[in-house]
Each structure stands twice: as structure tokens, then as C-alpha cells.
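The block underneath contains the structure these notes are about, expressed in C-alpha cells.
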Amino acid sequence: MPRYRTSSEAETIALGERLARELPPRGVVLLIGNLGAGKTTLAKGIAAGLGAASPDDVSSPTFTLIHEYGGGRVYHIDLYRLEEAKETAALGLDEIFDRDAVVLIEWGERFPEILPRERTEIRLTGGEDEREIEVTALR
Ligand code: ADP
Ligand code: MG
Numbered sequence: 041m042p043r044y045r046t047s048s049e050a051e052t053i054a055l056g057e058r059l060a061r062e063l064p065p066r067g068v069v070l071l072i073g074n075l076g077a078g079k080t081t082l083a084k085g086i087a088a089g090l091g092a093a094s095p096d097d098v099s100s101p102t103f104t105l106i107h108e109y110g111g112g113r114v115y116h117i118d119l120y121r122l123e124e125a126k127e128t129a130a131l132g133l134d135e136i137f138d139r140d141a142v143v144l145i146e147w148g149e150r151f152p153e154i155l156p157r158e159r160t161e162i163r164l165t166g167g168e169d170e171r172e173i174e175v176t177a178l179r
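Going left to right, the sequence shown walks through residues 41 to 179 as the working numbering numbers them.
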């Protein structure tokens, strides 16, 4: 499984742009890591790499929970504020998972029961400005 290192926000955005070309053209991508790990930063790069938004247009969906880019080609979801899986029911995630879209999800690993088994997981770890970024395909 591929592993990458970055040492700045800009490098993580650039990595996201590159990963966008290697990810499956549709499906769920979990972005996994602590607060400040760089999940939203990587999402900026992936959305940009898919031609759905420019990095500056991608903001954290912490409060709105779901952002849509590129006319529905990319979704960016943040489940941080939810406490239980049943709170996701109103979001219509199954319907989003069925679309021809790349669905980026922060904090989705907290609710594995609502996720498709086939998905990509990207883990971000590290401190200061260094990040290790590991991509796993669950198929
Ligand atoms: P998350 O969504 O995981 O909570 P964000 O992407 O919102 O994290 O924030 C990451 C923070 O870490 C930003 O303030 C960014 O400037 C900083 N940072 C420092 N080094 C890096 C790096 N290599 N990659 C990504 N972000 C970095
Ligand atoms: Mg975030």
C-alpha cells in the first residue's frame, strides 16, 4: 500500500492532486487522522485534481456536514459532529454513495456500519509540518 510524506500544507495539496488520478473514479474515500492531521487539506487537493474545485474553494464541512463540488462529481463530508450512526440517517448517504462521484469523508471510520465495504482509506499521521500519508484499498 502506497505511503507518502509531505512537509507542508502545499505539498499535501499537491499530493491530493496526484492521488486524484490514482483513486477509483467513483466511491468512498475515508480521510482518517486526528484534528489538524490534514484531512481537509488533502481533500482540497483531491477535489482540485478531479477538476471539481480549486483548492481555495474547498472548506471544511464541519458545520454543514456535506459539501458538493463539480456539479456532484465530488462530495466532501465531515461526520465529526455526529455522535451516533443513526444521526446519519437524515443525510441520505446511501443515495450519495450510489452516485458516480468520489465521496471524501472525514471521521467516517467512527461509523463503519454505514460505509460500503469497498472503499479507499487514507491515513494521515505526524506532527509539526511532517505528515505520513498511507493509502489502503479495501476491495
Ligand atoms: P483536519 O481536516 O485533519 O482537521 P486540516 O487540513 O484542516 O486538518 O488542517 C491541517 C493543519 O495542519 C493546517 O493548519 C495546515 O496548515 C497544517 N499543516 C502543517 N503541515 C502540514 C502538512 N504537511 N500537510 C497538511 N497540513 C499541514
Ligand atoms: Mg477537517
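Here a beta-carbon is modelled for each residue, glycine too, at the ideal position from N, C-alpha and C.
Of all the options the options, which has the alpha carbon lying nearest to the alpha carbon of residue i?
| i | options | result |
| --- | --- | --- |
| Tyr120 | Gly112, Gly110, Gly132, Ile106 | Ile106 |
| Ala129 | Val142, Gly112, Leu155 | Leu155 |
| Val142 | Asp134, Lys126, Gly112 | Gly112 |
| Val80 | Arg66, Gly67, Leu55, Glu124 | Checking the sequence, you will find Thr at residue 80 rather than Val. Considering only alpha carbons, the answer is Leu55. |
| Gly73 | Leu178, Ala177, Arg179, Gly166 | Gly166 |
So, is residue i buried or exposed, given that buried needs 16 or more other C-beta atoms within 10 angstroms?
| i | result |
| --- | --- |
| Asp97 | exposed |
| Thr102 | exposed |
| Thr52 | buried |
Taking the CB atoms as reference points, tell me whether residue i and residue j lie closer together than 9 Å.
| i | j | result |
| --- | --- | --- |
| Asp169 | Ser94 | no |
| Leu144 | Leu75 | no |
| Arg163 | Ile173 | yes |
| Gly91 | Gly67 | no |
| Gly89 | Ile117 | no |
| Glu49 | Gly78 | yes |
| Glu124 | Gly85 | no |
| Arg171 | Arg45 | yes |
Taking only heavy atoms of ligand 2 into account, decide whether any of them is closer than 8 Å to the Cβ of residue i.
| i | result |
| --- | --- |
| Val102 | Checking the sequence shown, residue 102 turns out to be Thr, not Val. Flag set: Cβ of Thr102 near ligand 2. |
| Thr80 | yes |
| Arg124 | Arg is not the amino acid found at residue 124; the sequence shown has Glu there. Every heavy atom of ligand 2 is 8 Å or more from the Cβ of Glu124, so no. |
| Asp96 | no |
| Glu135 | no |
| Glu62 | no |
Between which two residues does the beta strand (DSSP E) harbouring residue i extend?
| i | result |
| --- | --- |
| Glu108 | 106-109 |
| Ala92 | That residue, Ala92, is in no beta strand (DSSP E); it is neither H nor E in DSSP. |
| Gly67 | 67-72 |
| Ile117 | 114-118 |
| Ala77 | That residue, Ala77, is in no beta strand (DSSP E); it is neither H nor E in DSSP. |
What are the boundary residues of the alpha helix (DSSP H) that includes residue i?
| i | result |
| --- | --- |
| Thr52 | 49-62 |
| Leu133 | 133-137 |
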